[in-house]
Every structure is written in C-alpha cells, then in structure tokens.
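Visitor: After the structure tokens below, expect a handful of questions from me.
Residue numbers (our numbering): 111 to 393.
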C-alpha cells in the first residue's frame, strides 16, 4: 500500500517498493509526475543505488571476486521498510541482507526521507556504512515529470547561462565523445532529437536548479545543491522528461572494474553516513 503525504498545498504518494515517488499533486489536483505507462517507461522516480548508470560488462571486482550489478543498481526494485510516518513526511529504509550481498558485499542502510514543505517536496538520501570496510557507491535520482501536449512547447531554464557539454553514451557506457549543448538566455528548448543518442550526461554543471517552462512560463523547479552531475532523458514521443541529479554516472568504455576508482564514486568510511538531498517545487 502506498504511503500518502499531504499539506495545504501538495499531496505525494510513495510506493514502498523502491521507496518510489509515484504521484505529486497540487491542491487543484494537477499531477506533476509521469504516470508510468509501460508503453514508454514503466517507472516514475526510481532511486539509483549503489551505482548510477551501467557498469562495463555489468560487473565489478572486489577482493578478487567478481560481482554482477545491473544498470542503476538494485534498490529501486526492493521493498523498503517504513521507518517513520507523519502527515507530511515519511522515512523509508533498506538494510543490507543476504540478497543484496550477493551483488554488493557491504553492510549499508539506505534511507529515503520525503518531506512536504509549503509548495515543495524535499527528498533526502541518507547512506550509512555499518560495516568494517570503506564502502564505494554512487547514488542518484531519476524523477520523470509529466509534459502534456506538444513537447516543443516546453523548455528548461537553468540557474546559470553556462556552457554545457554532454558526454555521449555508447552501448550504455560513456564514450570519449563530448557534444556541446547550447543554452539561450539560460534556456534549453526541448526537442526529441536532443535525445536521439539516449540521455544527455553532464559530468560538470554549475547550475543548482532547473525550471521546467511551458510557453516560457515556469511551473516546476528541481533543485539539487548536493549533486555534482546531471542527466536529462526521455524516450521518442514520450510525454515526460527526467531531470536526474546524480553523484556518479555510468562506466566509461575503458573502465577496469575497480569500483573504488570509478569516476564520481563516493568512498564512505566505516561507521559513518552521508546525506544528499534534492527538491521538487511547484511554482
């Protein structure tokens, strides 16, 4: 059963499977999250842990043993425990177990905390290393926002008028090819051909928030002050856009399988934790 949060301005629905946000509505009933139609993409807002993107050969080596991890990791497909629930906030927890250790041999706890504050939903990712070894991981968000009508009526407005460079994907891995993505007065007009080679992957980004505009009028903001990388993604003719704050990204085509040396990885000391948050604000 989904967990429902509400305040005077918003309501949110979270599925304990994956602790996934499946709905975010304003007090007029307008839905802002993608419906999850499997004809295009059957998810809404999965958490990416303990990796972001794809590993080379879907595998890595730890202590001379090879492990298999599928794209974006396993947390999105596992049932979380509801650790705390209030009217306007809830915390979900996933703790390492025999199943996770077959893929990722570390003692972790991953918490997702959702909090409604006025017209904003804030999501914290809290990762605890409960083990006796340093723990390498990446983590990221993958929220998909519903875009009704003509896709080309929409644009993204970045906090800064910066020079963006997207690293091209090759068979789900990062290649050596980089493509400039031009902004015009901080704006990126949306067109499906931007995504003809899959996601746009920004290893470096100065902006810490992005607005979604329709006909140049902003209606939603994603703020990601704790995340250094970003992905943008949709599918051909799909009525949604994913704005994905990341810590980490896919392996490169030349990666050697050492998770500790992976670009963008966090190496968390034993008996410590880290928190990274982002928010979705209805404007």
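Just so it is clear, CB atoms sit at the ideal spot from N, CA and C, and this is done for glycine as well. Since the structure is predicted, the reported quantities are computational estimates derived from the model, not experimental observations.
With a CB to CB cut of under 7 Å and the five nearest residues on each side skipped, what residues in its chain are close to residue 119?
Guide: Here the question's residue 119 lines up with position 9 in the chain shown. Counting only Cβ-Cβ distances below 7 Å, and skipping sequence neighbours, we find 136, 137, 228, 229.
Visitor: Need the endpoints of the beta strand (DSSP E) that residue 382 sits in, please.
Guide: For this step, residue 382 is matched to residue 272 along the chain shown. From DSSP, the beta strand (DSSP E) with residue 382 extends over 382 to 392.
Visitor: For a test of the three-state rule: what should DSSP assign to residue 344, helix, strand or coil?
Guide: Within the chain shown, residue 344 is the residue found at index 234, counting from 1. Three-state result, residue 344: coil.
Visitor: Runs of 3 residues minimum, wholly inside the segment 130 to 162: which ones carry the beta strand (DSSP E) assignment?
Guide: As far as the segment 130 to 162 is concerned, its whole beta strand (DSSP E) runs of at least 3 residues are 130 to 136.
Visitor: For residue 377, which residues from the same chain have a beta carbon less than 8 Å from its beta carbon, with the 5 sequence-adjacent residues on both sides left out?
Guide: Start at 1 with the first residue of the chain shown, and residue 377 comes out as number 267. Around residue 377: 244, 245, 246, 370.
Visitor: Could you tell me which residues DSSP pairs with residue 254 in its beta bridges?
Guide: On the chain shown, position 144 is the one that residue 254 refers to. Note: residue 254 sits in a beta bridge opposite 352.
Visitor: What residue does the alpha helix (DSSP H) around residue 211 start on, and which one ends it?
Guide: By one-based count along the chain shown, residue 211 stands at place 101. Residues 208 to 211.
Visitor: Among residues of its own chain, excluding the 5 on either side of residue 165, which ones have a beta-carbon nearer than 7 Å to its beta-carbon?
Guide: For the purposes of this step, residue 165 is identified with residue 55 of the chain shown, where counting begins at 1. Taken in chain order, the residues that qualify are 179, 361.
Visitor: Using a Cβ-Cβ cutoff of less than 7 Å, which residues in the same chain neighbour residue 301 once the five nearest sequence positions on both sides are dropped?
Guide: Within the chain shown, numbered from 1, the residue matching residue 301 stands at position 191. If we look at residue 301 and ignore the five residues flanking it on each side, its Cβ neighbours are 262.
Visitor: Answer with buried or exposed for residue 181, where buried requires no fewer than 16 other C-beta atoms within 10 angstroms of its C-beta.
Guide: Looking up residue 181 in the chain shown gives position 71. Exposed, because fewer than 16 other Cβ atoms sit within 10 Å of the Cβ of residue 181.
Visitor: Which stretch, first to last residue, makes up the beta strand (DSSP E) that contains residue 114?
Guide: Here residue 114 refers to the residue found at position 4 of the chain shown. First-last of the beta strand (DSSP E) with residue 114: 113 to 116.
Visitor: Taking DSSP's pairing of strands, which residues face residue 122 in a bridge?
Guide: Against the chain shown, residue 122 aligns to sequence position 12. BP columns for residue 122 point to 115, 134.
Visitor: Please say whether residue 234 and residue 385 have beta carbons closer to each other than 7 Å?
Guide: Locating residue 385 in the chain shown gives position 275, counting from the first residue. Locating residue 234 in the chain shown gives position 124, counting from the first residue. Contact: yes.
Visitor: Pull up the DSSP beta-bridge partners for residue 245, would you.
Guide: The count along the chain shown starts at 1 and reaches residue 245 at position 135. According to DSSP, residue 245 bridges with 378.
Visitor: Pull up the DSSP beta-bridge partners for residue 127, would you.
Guide: Locating residue 127 in the chain shown gives position 17, where the first residue counts as 1. For residue 127, which the question treats as bridged, DSSP gives the partners 189.
Visitor: Excluding five sequence neighbours on each side, which residues of the same chain lie with their C-beta closer than 6 Å to the C-beta of residue 129?
Guide: Residue 129 sits at position 19 when you count from the first residue of the chain shown. The residues are 190, 202, 222.
Visitor: Residue 196 lies in the beta strand (DSSP E); which residues open and close that run?
Guide: For the purposes of this step, residue 196 is taken as the residue at position 86 of the chain shown. Element bounds for residue 196: n/a, residue is neither H nor E.
Visitor: Suppose the cutoff is 7 Å on Cβ atoms and the five residues either side in sequence are ignored; what does the same chain contact list for residue 212 look like?
Guide: If you number the chain shown from 1, residue 212 lands on position 102. Cβ within range, chain order: n/a, list empty.
Visitor: Could you give the first and the last residue of the continuous beta strand (DSSP E) run that contains residue 238?
Guide: The sequence position of residue 238 within the chain shown is 128, counting from 1. Segment 230 to 239, the beta strand (DSSP E) holding residue 238.
Visitor: Could you tell me the distance, in whole angstroms, from the CA atom of residue 200 to the CA atom of residue 225?
Guide: By one-based count along the chain shown, residue 200 stands at place 90. By one-based count along the chain shown, residue 225 stands at place 115. If I take the Cα positions, the gap works out to 7 Å.
Visitor: State the start and end residues of the unbroken beta strand (DSSP E) segment that holds residue 227.
Guide: Reading the chain shown from its first residue, position 117 is the one you call residue 227. That run of the beta strand (DSSP E) goes 218 to 227.
Visitor: Per DSSP, what kind of secondary structure is residue 262 in: helix, strand or coil?
Guide: On the chain shown, residue 262 is found 152 positions in, with the first residue counted as 1. Residue 262 falls in the helix class under three-state DSSP.
Visitor: What three-state label does DSSP hand residue 323 in the structure shown?
Guide: Indexing the chain shown from 1 puts residue 323 at position 213. Of the three classes helix, strand and coil, the one that applies to residue 323 here is strand, per DSSP.
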